[in-house]
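2 protein chains.
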Amino acid sequence: MSAPQRKPLTPLLRLGDYLPYHLTVAANAVSNLIGGAYRARFGLTVWQWRVLCTLGAEGPMTAQDIVALSAMDKVTVSRAIQGLRRRGLVDRAKSKTDARAFDLHLTAHGRTAYQEIVPVALNYQDQLLEDLSADERRMLMGLLQTICAKARSLAPKE
Amino acid sequence: MSAPQRKPLTPLLRLGDYLPYHLTVAANAVSNLIGGAYRARFGLTVWQWRVLCTLGAEGPMTAQDIVALSAMDKVTVSRAIQGLRRRGLVDRAKSKTDARAFDLHLTAHGRTAYQEIVPVALNYQDQLLEDLSADERRMLMGLLQTICAKARSLAPKE
DNA sequence: CTCGACTAGTCTCATTTGTAACTATATAGT
DNA sequence: ACTATATAGTTACAAATGAGACTAGTCGAG
Chain A
1 MSAPQRKPLT PLLRLGDYLP YHLTVAANAV SNLIGGAYRA RFGLTVWQWR VLCTLGAEGP
61 MTAQDIVALS AMDKVTVSRA IQGLRRRGLV DRAKSKTDAR AFDLHLTAHG RTAYQEIVPV
121 ALNYQDQLLE DLSADERRML MGLLQTICAK ARSLAPKE
Chain B
1 MSAPQRKPLT PLLRLGDYLP YHLTVAANAV SNLIGGAYRA RFGLTVWQWR VLCTLGAEGP
61 MTAQDIVALS AMDKVTVSRA IQGLRRRGLV DRAKSKTDAR AFDLHLTAHG RTAYQEIVPV
121 ALNYQDQLLE DLSADERRML MGLLQTICAK ARSLAPKE
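From first to last, the protein sequence lines are chains A and B. Heads up: the first sequence begins at 1 in this note's numbering, then just goes up one per residue. Heads up: the second sequence begins at 1 in this note's numbering, then just goes up one per residue.
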């Protein structure tokens, strides 16, 4: 129907020169690595880990607070909490101040799990960053946050 | 059952200090932004765009070649090609050298689409990067590739 | 009060995605 | 030439995901 073109098209864009491509590819590679480790070693999904981590680091809070802190949507958080409660890592109590909400907190089991997982997580982070200088590490984290903020500010319906 | 802890746990890890978290959050923010634009303006998924981009930039090749160049798996590529063929943007011909494979190439329509989308894609990239210096841009791309390579080298069954 | 708009959390369902199996062909070793 | 094994591409099915409806409760305006 149409002959394969052989002249370079203009303008030209290669995936390899394209930031969104590298960003998602790198994120997937890291996510698969770490997610696989959480699953294999602790039976947790990445979202369950994020909830556990947030509760462990920041203390008890409602699901809504976790949504605000963890960049997950409320359905994802709700499902993660279900899993963690089923496994006895998280418990909840009716909020004193809002009958719709629950205060979530780690159980003794959950605290133990948190304390076991944190070193593993940090170890993966160290391995991922081991070829980078301290400066480069700081810069990477900062640049990611800058890009993320910019992407959000460009999103429609902000 | 167990009282909410109030003493900080040790060791402590906050999501906000954790590279994998920032990486996936940034990648999702960018991916939603750009993916939404491709869908709204051109009716393409991100994977269809990657295939289109690869064929546009590198010329005709087989699905397998695209897999190798684009970091997608073969099922994803196969589905993306189906969509692009249905829309008349890509055509295929039996490979002369391997009866299992097809040589894929953009149709005239596909070339037009590529040339329309590239400026839009580059424009988004420019907007995302507009607060960064040239140095920072180079560094970001480089660091992402370094991290990605490291994540792959750490993956099991490599 | 009480009406209307809003929020916390869950549920449902359609879509997307990933894994494994499958068909047809290719290739290497004997 | 013949069997083993590997590969190109597709298909089928299960699991993950996201958008919106839904329930129960809150809150401010009048």
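Glycine residues also receive a C-beta, built at the ideal position from the N, C-alpha and C atoms.
Next item on the list: Alpha carbon to alpha carbon, how far is residue 138(A) from residue 59(A)? Give it in angstroms, no decimals.
Entry: 26 Å
Notebook entry, point to check: Any idea if residue 149(B) is buried or exposed, counting beta-carbon neighbours within 10 angstroms, 16 or more meaning buried?
Noted result: exposed
Margin query: Need the endpoints of the alpha helix (DSSP H) that residue 86(B) sits in, please.
Written below: 74-86
Next item on the list: Look up residue 14(A) in the DSSP assignment and say whether it is helix, strand or coil.
Entry: coil
Notebook entry, point to check: Going by the CB atoms, is the gap between residue 62(B) and residue 95(B) shorter than 8 Å?
Noted result: yes
Checklist line | Neighbour flag for residue 30(B) against chain A, beta carbons, 8 Å | finding: yes
Check: What number of angstroms, rounded off, separates the C-alpha of residue 41(A) from the C-alpha of residue 10(B)?
Finding: 20 Å
Checklist line | Beta-carbon proximity of residue 70(B) to residue 50(B), cut-off 8 Å | finding: yes
Item checked: Neighbouring residues, chain B, relative to residue 151(A) (Cβ below 8 Å) -> 26, 29, 30, 32, 33 and 128
Notebook entry, point to check: residue 99(B) versus chain A: which residues are under 8 Å apart at the beta carbon?
Noted result: Going along chain A, no residue has its Cβ under 8 Å from residue 99(B), so there is no contact; the nearest lies around 19 Å.
Notebook entry, point to check: If residue 88(A) and residue 107(A) are in contact, beta carbons under 8 Å, what's the gap, nearest whole angstrom?
Noted result: 6 Å
Check: DSSP three-state call for residue 158(A): helix, strand or coil?
Finding: At residue 158(A), the pLDDT of 46 sits below 50, so the modelled position is not reliable; the number obtained from the coordinates is stated separately. If DSSP states are grouped into helix, strand and coil, residue 158(A) belongs with coil.
Check: When you compare each of 78(A), 147(A), 74(A) and 64(A) to residue 98(A) by their alpha carbons, which one comes out closest?
Finding: 64(A)
Next item on the list: Give every residue of the same chain whose Cβ lies closer than 6 Å to the Cβ of residue 110(A), excluding the five residues on either side of it in the sequence, and list them in chain order.
Entry: 89 and 90
Check: Any idea if residue 134(B) is buried or exposed, counting beta-carbon neighbours within 10 angstroms, 16 or more meaning buried?
Finding: exposed
Notebook entry, point to check: Can you tell me whether DSSP reads residue 93(A) as helix, strand or coil?
Noted result: strand
Check: Leaving out five residues before and five after residue 158(B) in sequence, what residues of the same chain have Cβ atoms less than 8 Å from its Cβ?
Finding: Low local confidence applies: a pLDDT of 48 at residue 158(B) is under 50, so the model's placement there is unreliable, with the coordinate-based value given in what follows. Here the set comprises 152.
Note to self: Using only the alpha-carbon positions, how far apart do residue 77(B) and residue 145(A) sit?
What the structure shows: 30 Å
Next item on the list: Tell me, please, whether the CB atom of residue 116(B) is closer than 8 Å to any CB atom in chain A?
Entry: no
Notebook entry, point to check: What is the rounded straight-line gap between the Cα of residue 156(B) and the Cα of residue 27(B)?
Noted result: 23 Å
Check: Mapping DSSP to helix, strand and coil, what is residue 122(B)?
Finding: helix
Note to self: Counting C-beta neighbours from all protein chains within 10 Å, is the total for residue 46(B) 16 or more, i.e. buried, or is it exposed?
What the structure shows: buried
Next item on the list: Could you tell me the distance, in whole angstroms, from the CA atom of residue 117(A) to the CA atom of residue 66(A)?
Entry: 19 Å
Item checked: Cβ pair residue 129(A), residue 19(B) closer than 8 Å -> yes
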